[in-house]
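Each number in the numbering used here corresponds to the 1-based position in the sequence shown with 37 added.
The block underneath contains the structure these notes are about, expressed in structure tokens.
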Amino acid sequence: MTDRSEGGAEPPVRRRGQGELEAQVLAVLREASEPVPVAWVRERLGGGLAYTTVITILTRLRAKGAVERERAGRSFRWTAIADEAGLAALRMRKVLDAEADRQAVLASFVTALSPNDERLLRELLSPEAELFSPEAELLSPEAELLAPEAEFPSPEAGEEEG
38 MTDRSEGGAE
48 PPVRRRGQGE
58 LEAQVLAVLR
68 EASEPVPVAW
78 VRERLGGGLA
88 YTTVITILTR
98 LRAKGAVERE
108 RAGRSFRWTA
118 IADEAGLAAL
128 RMRKVLDAEA
138 DRQAVLASFV
148 TALSPNDERL
158 LRELLSPEAE
168 LFSPEAELLS
178 PEAELLAPEA
188 EFPSPEAGEE
198 EG
């Protein structure tokens, strides 16, 4: 134990950013070649986390659709079904689902994009776009709101267009 009276103050503990631990757990799971137990995940994370913390993160990731589990005796083995980009997309979708006016939210989102991001989004939504995997649900029914033919007010247009 450090004696604080002699100037040996412990360094402050850095708090993780929102979603950082989930991203770390997901990255570890993606390294696995087969479904793995919680102990395997905990060990790959450095072993500094409580076993129950790792279970909690895995359970939250499962609720978000980012991991799957299968029964293995009295416990479970876990598999990643999303990557970090997929996890970010799930978070974005959750925020969008919480809003009443989806069109307004999506239009505001698109008008705030950089020109490069807007171009990339248009490319991804084009009929010729190849998505990352057949099970990817990037093009939900709401995606037609962002079709390349859609007209978006420019940020300079302000409230005049409507």
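All residues carry an ideal CB built from backbone N, CA and C; glycine is no exception.
Model, not experiment: these values are computed from the prediction.
{"Asked": "Which partner residues of Val104 appear in the DSSP bridge assignment?", "Found": "Ala117"}
{"Asked": "Going by the beta-carbon positions, is the gap between Pro74 and Arg114 smaller than 8 Å?", "Found": "yes"}
{"Asked": "State the DSSP-derived secondary structure class of Ala87, mapped to helix, strand or coil.", "Found": "coil"}
{"Asked": "For the alpha helix (DSSP H) holding Ser145, just list the boundary residues, first then last.", "Found": "Arg139 to Thr148"}
{"Asked": "Using the Cα positions of Ala166 and Glu160, report the straight-line distance between them to the nearest angstrom.", "Found": "6 Å"}
{"Asked": "To the nearest angstrom, how far is it from the Cα of Ala144 to the Cα of Glu155?", "Found": "11 Å"}
{"Asked": "Mapping DSSP to helix, strand and coil, what is Ala69?", "Found": "coil"}
{"Asked": "For Arg79, count neighbouring C-beta atoms within 10 Å of its own C-beta (all shown protein chains included) and say buried if the count is 16 or more, exposed if not.", "Found": "buried"}
{"Asked": "Taking three-plus beta-carbon pairs below 8 Å as touching, is the region 78 to 95 in contact with the region 126 to 133?", "Found": "no"}
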